[in-house]
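The next block holds one structure in the form of structure tokens; read it before the comments.
Residue numbers (our numbering): 498 to 570.
This is the structure:
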């Protein structure tokens, strides 16, 4: 099986956030959860965001320097 980028999901006190996802993103999230064997697809969103931010070099550099994150695009 292909190695996925997410590891074990950590238990932590959650903060509730409500959002809408495009249908295609939701379908992929459900498929990703099924492959990973996760109980609920929505439990993957926080670890995915954490991993994304942990690997964003511009964000990490700005965070270390106390600077605002530069806009992209």
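For every residue, glycine included, the Cβ atom is placed at its ideal position computed from N, Cα and C.
(message) Counting C-beta neighbours from all protein chains within 10 Å, is the total for residue 518 16 or more, i.e. buried, or is it exposed?
(response) exposed
(message) Could you tell me the alpha carbon to alpha carbon distance between residue 559 and residue 535, rounded to whole angstroms?
(response) 33 Å
(request) Starting from residue 547, follow the alpha helix (DSSP H) in both directions and report where the run begins and ends. (result) 542–551
(message) On the CB-based measure, 16 or more other CB atoms within 10 Å of its CB, does residue 546 come out buried or exposed?
(response) exposed
(message) Less than 9 Å between the beta carbons of residue 527 and residue 544, yes or no?
(response) no
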